[in-house]
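Structure first, then comments.
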């Protein structure tokens, strides 16, 4: 059985047991993958505000009570502390560790937020007959820092990070209409076609596991990326907070199709 | 009262009386404007087939019985023979006249087709806060012949004509999502961003009332155009047929908002 065929529960188990440790793009197609963000309860209300005023950046799917380390609504037997293949730990705004389990860091006042990830809609696009040429070329979407400010709260502010996917124009049009119907996985793109307008140099990705190419018959589309709040957290210099490692998502038991609007 | 403020009925009356004779873009914002196509009843069934297999090109709104010169469903007191500011008359596939009334050409076996026009959605886009910079610059959309084949019937075949509008990328994204919900006024664009892919040289419009500019912060979007079937009619060399003159549309009493899907 491949990672593509495994159930979300099996994938979480393999990740928990460190059998699986790679990025989760393409795994469990059709199932919702989530960004994860964990912070002390003292900052939870303000971060919730930040989510609400930046819905395309951090479309909230679920939030725990303080100290709770599972998301009952998102799947069977999820353990927030171990079920992602990579976590970033930030202390006073600095990244202090990259780990595969946060059991040792867990605090009883931790509140966890899960919000939508654009990995979730790639299966939707494929289902609708859209060609994701970059996947066929063995590449994945790239991440870019834009010059677009997110809406700020008192403590949380930062620029928008966008994930870029190159598509043939006819597929780009379809992809816009489809993703527009799924605001909880970032919705429609924030930009198409002219990267310089949003301060992006395609040769300078923010963080990526490999280069991405744009073929002659493709144009770049940019979607709001769930790594964006990590920048806002760094700016806020919280005493401690934890996020998923870029591209290492929480794989849920929820079908993306349930989130159509 | 300006043409923008006049009711559709008043505009039709002014057109009928030759007080108004210009293109109807921007008139009666919010109301459906239609392409018109008239042919002998012997060819009506096959043309209906052509519409049905090319829904984005000729999205059918209404069709008359033979000899009937009004569209009861589309507005009060419409007279198909006089209520457009310009008509093209084709004989054996050649354009033989451009007239402001077809009363002298009317035949008792004529069947009339009304189908959606992209003029109708410009008001929708403006309502949603989209900037149509070309209108602000005193320009209108341009028409281009593409290398895309329409689906053919036995007699009717031809390349797709597309109307081009340049938009800022963020507005382009919104315009795609909005127009996708209105298939009866051509729906989502057929192309964005790379005109050469559809055989278009932006410097070579097919037919236009003035040049259009694309600003540095804009990208071109192409929608299927209702003039397309005129090419198919020319190819079919019908003994006679009549169409609206490009950009001189039938203004109906129907609100575009009724056609949302």
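Protein chains in written order, with my numbering: chain A, -3 to 257; chain B, -3 to 257.
Don't be surprised by glycine CBs; every beta carbon is placed ideally from N, CA and C.
- Residues are counted here when their Cβ sits less than 7 Å from a Cβ of chain A; for the region 231 to 248 of chain B the count is zero.
- Rounded to the nearest whole angstrom, the C-alpha separation of residue 254 of chain B and residue 104 of chain B is 32 Å.
- Between the beta-carbon of residue 230 of chain B and that of residue 98 of chain B there is about 18 Å, and that puts the pair past the 8 Å contact cut.
- Secondary structure at residue 154 of chain A: coil, using DSSP grouped into helix, strand and coil.
- In chain order, 85 place their CB closer than 7 Å to the CB of residue 93 of chain B, counting only its own chain and leaving out the 5 sequence neighbours on each side.
- If the five residues before and after residue 121 of chain B are omitted, its C-beta is found closer than 7 Å to the C-beta atoms of 128, 171 and 174, all from its own chain and listed in chain order.
- Proximity of the region 182 to 200 of chain B to the region 134 to 149 of chain B meets the contact definition, three or more beta-carbon pairs being nearer than 8 Å.
- Pairing residue 224 of chain B with residue 53 of chain B, the inter-Cα distance amounts to about 7 Å.
- The beta carbon of residue 213 of chain B falls within 8 Å of a beta carbon belonging to chain A, placing the residue at that interface.
- Each of A:13, A:27, A:19 and A:12 was checked against the Cα of residue 1 of chain A, and the nearest Cα belongs to A:27.
- Residue-level contact check: residue 40 of chain A does not touch chain B, since none of the beta carbons of chain B fall below 8 Å from its beta carbon.
- The criterion of a C-beta distance shorter than 8 Å is not satisfied by residue 234 of chain A and residue 110 of chain A.
- The DSSP-derived three-state label of residue 36 of chain A is strand.
- For residue 99 of chain B, no CB of chain A lies under 8 Å from its own CB, so it is not counted at the interface with that chain.
- Taken through DSSP and simplified to helix, strand or coil, residue 108 of chain A comes out as strand.
- Taking the Cα positions, residue 195 of chain A is about 18 Å away from residue 153 of chain A.
- Setting aside the 5 residues that flank it on each side, residue 40 of chain A is surrounded in the same chain by 107, each with a C-beta closer than 7 Å to its C-beta; the list follows chain order.
- Only those residues of the region 180 to 196 of chain B whose C-beta falls short of 9 Å from the nearest C-beta of chain A are listed: 184, 185, 186, 187, 188, 189, 190, 193 and 194.
- Against chain A, the CB of residue 172 of chain B has a partner CB under 8 Å away; the residue lies at that interface.
- Ranked by how close their Cα comes to the Cα of residue 166 of chain B, the residues A:218, A:23 and A:115 have A:218 in first place.
- Between the beta-carbon of residue 29 of chain B and that of residue 113 of chain B there is about 5 Å, and that keeps the pair under the 8 Å contact cut.
- Only 164, 165 and 166 from the region 154 to 166 of chain A bring a Cβ to less than 9 Å from some Cβ of chain B.
- Against residue 176 of chain B, the close residues of chain A are 173, in the order they occur along the chain (beta-carbon pairs closer than 7 Å).
- The beta carbon of residue 65 of chain A sits closer than 7 Å to the beta carbons of 75, 76, 77 and 102 from its chain, once the five residues preceding and following it are set aside; these are given in chain order.
- DSSP lists A:247 as the beta-bridge partner residues of residue 29 of chain A.
- Going by C-alpha positions, residue 48 of chain A is about 11 Å away from residue 57 of chain A.
- If you look at residue 232 of chain B, you'll find it in the alpha helix (DSSP H) that goes 224 to 232.
- Taking a Cβ-Cβ threshold of 7 Å, the residues of chain B close to residue 168 of chain A are 188, in chain order.
- Closest in alpha carbon position to residue 249 of chain A, among A:215, A:23 and A:60, is A:23.
- One Cα belongs to residue 55 of chain B, the other to residue 177 of chain B, and the distance between them is close to 13 Å.
- In the structure shown, the three-state DSSP call for residue 2 of chain B is coil.
- If only complete runs of 3 or more residues are kept, the region 49 to 92 of chain B shows the beta strand (DSSP E) at 56 to 59 and 83 to 87, in order along the chain.
- Between residue 203 of chain B and residue 162 of chain B, the gap from beta carbon to beta carbon reaches 8 Å or more.
- Taking the Cα of residue 140 of chain A as reference, the smallest distance to any Cα among A:25, A:61, A:158 and A:115 is reached at A:158.
- Beta-carbon to beta-carbon, residue 20 of chain B and residue 115 of chain B are separated by about 7 Å, close enough to satisfy the 8 Å threshold.
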